[in-house]
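Residue numbers (the working numbering): 322 to 445. Before any comments, here is the structure.
This is how it looks when you write it as structure tokens:
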């Protein structure tokens, strides 16, 4: 009997193709899977051994910068990391342009004062 997908007499087990995959560091991967981790990599046929091989990508998690709060303004806050100073504002559009501009000026002055206060506290 021909092994074909169009043959209705074949069962699901007859259609399954079984392959062996070489996985380096198999025990570490199984332990990670049991912990709920997921892995990404590539599946290829090794040119020397002609074996189907799974090679995982060595990806590292991105490092996020931690910010410390320096101070608050009326519509935002000022944050500081080791390398950067972050100043964020969130103004409602319903204020109108004139009020927004004056609020931005006030917040700018408040942010500058917060940075000066933080400098004085750090160097006291």
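The C-beta atom is built at its ideal place from N, Cα and C for all residues, glycine as well. All figures in this text were calculated on a predicted structure; none of them were measured in a lab.
Classify residue i as buried or exposed, calling it buried when 16 or more other Cβ atoms lie within 10 Å of its own Cβ.
| i | result |
| --- | --- |
| residue 397 | buried |
| residue 435 | buried |
| residue 391 | buried |
Over the uninterrupted alpha helix (DSSP H) stretch that includes residue i, give me the two end residues.
| i | result |
| --- | --- |
| residue 417 | Per DSSP, residue 417 belongs to no alpha helix (DSSP H) and is neither H nor E. |
For residue i, which residues from the same chain have a beta carbon less than 6 Å from its beta carbon, with the 5 sequence-adjacent residues on both sides left out?
| i | result |
| --- | --- |
| residue 408 | 399 and 432 |
Locate the beta strand (DSSP E) running through residue i, then write down its first and last residues.
| i | result |
| --- | --- |
| residue 365 | 362-366 |
| residue 353 | Premise fails: residue 353 lies in the alpha helix (DSSP H), 347-355, not in any beta strand (DSSP E). |
| residue 390 | 389-393 |
| residue 376 | 373-377 |
| residue 398 | 397-401 |
| residue 410 | 406-410 |
Residues in the same chain with beta-carbon distance under 8 Å from residue i, minus the five sequence neighbours each way, listed in chain order, please.
| i | result |
| --- | --- |
| residue 404 | 386 |
| residue 416 | 424 |
Candidates the options: which alpha carbon is nearest residue i's?
| i | options | result |
| --- | --- | --- |
| residue 371 | 393, 438 and 340 | 340 |
| residue 358 | 365, 349 and 369 | 349 |
| residue 389 | 444, 428 and 439 | 439 |
| residue 367 | 434, 435 and 342 | 342 |
| residue 428 | 394, 381, 352 and 361 | 394 |
| residue 362 | 345, 442 and 406 | 345 |
Quiz item: Is the number of C-beta pairs between the region 358-377 and the region 414-425 that are closer than 8 Å three or more?
Solution: no
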